[in-house]
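Residue numbers (the working numbering): 3 to 331. Some notes on the structure that comes next.
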């Protein structure tokens, strides 16, 4: 039995964020304003279905309980439903989540659920259709909203909605968002805008701390919930008068990294110990055959000895992350 993946600071890793493509069809102002541009990687170079099966099997055998499939936009892969089914083969993986822009949600969510998907996150930065179009470069607001409805119709009891918090665009829209989730079991997650290699100017112009939202919520009687061991980094708040929840993801807050339980594997098979770390650990040479699993796990376990105690965002060091498409929700 392989021991739980653990780093030098006794943090245990129950959560794998697996990117299956770098491609995205939206052009969000804070992420890919000029659209997706391949960086020397062709689509066929992304992890194959068998490679995804092997890497998730290795993580599952070392205590991983949750896998989030991200991109780019993961649903752009034609075999995405098969990818969900491949992860589902691991009985110890209790949660399989996807972060999506919602573009294909209405069409495919039933098939994804049947394949084993247990949770869905949809990116929606504005509840105003015109502003949504301006932010994303796509006039798809009503299509995405229909996708969220389709997720409930398919049997999901809760849908998570990600909204990147921006000073001039949505930081003043809390009342509108709260009204939206009053009678809907949606966990609305405000994510602090993070500085990236390409986004320094935007960060300085639009960043606002999640503390502003948190203070407003507490004043209105919202209460923070206890975080589970395989939960993501959001601080979750509930209110007795609302069906929905609010989540706040605040990477600039002190001790944000103390509870880190996540590792990331990129779409080309590199292990990233930290989203904002430098470089990655190549795993792909150990994904060619089923009989390499022990060696693969050993490399991951050894690499965890190099994981830093914290990121260095406060010093303006964004590591290898050039734009927010790599974050994947």
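Ideal placement from N, C-alpha and C gives every residue a C-beta, glycine not left out.
Problem set entry | Selected residue, minimal CA-CA separation from residue 141, among 265, 67 and 130 | Considering only alpha carbons, the answer is 130.
Exercise. Helix, strand or coil: which one does DSSP assign to residue 82?
Worked result: Note: residue 82 maps to helix in three-state DSSP.
Problem set entry | Straight-line gap, residue 48 to residue 269 (C-alpha atoms, nearest Å) | Roughly 5 Å separates the two Cα atoms.
For this session: Taking the CB atoms as reference points, tell me whether residue 150 and residue 166 lie closer together than 8 Å.
Result: No. Outside cutoff.
For this session: In angstroms with no decimal places, state the Cα-to-Cα distance between residue 291 and residue 57.
Result: 11 Å
Problem set entry | Start and end residues, beta strand (DSSP E) containing residue 237 | Residue 237: member of the beta strand (DSSP E) spanning 237-240, first to last residue.
For this session: Throw me the rounded Cβ distance for the residue 297 and residue 285 pair, which I believe falls under 8 Å.
Result: So it is not a contact: roughly 10 Å between Cβ atoms.
Exercise. When the Cβ atoms of the region 25-44 are set against those of the region 54-72, are three or more pairs found closer than 8 Å?
Worked result: Contact between the region 25-44 and the region 54-72 is absent: fewer than 3 CB-CB pairs across the two stretches fall below 8 Å.
For this session: Give every residue of the same chain whose Cβ lies closer than 8 Å to the Cβ of residue 110, excluding the five residues on either side of it in the sequence, and list them in chain order.
Result: 77, 82 and 83
For this session: Quick one: grab the DSSP three-state call for residue 45.
Result: Low local confidence applies: a pLDDT of 48 at residue 45 is under 50, so the model's placement there is unreliable, with the coordinate-based value given in what follows. Of the three classes helix, strand and coil, the one that applies to residue 45 here is helix, per DSSP.
Exercise. If you draw a straight line from the C-alpha of residue 21 to the C-alpha of residue 75, how long is it?
Worked result: Each residue's alpha carbon lies about 9 Å from the other.
Exercise. Which residue from 230, 184 and 191 puts its Cα closest to that of residue 243?
Worked result: 184
For this session: Identify which residue in 245, 136 and 219 has its Cα closest to the Cα of residue 31.
Result: 136
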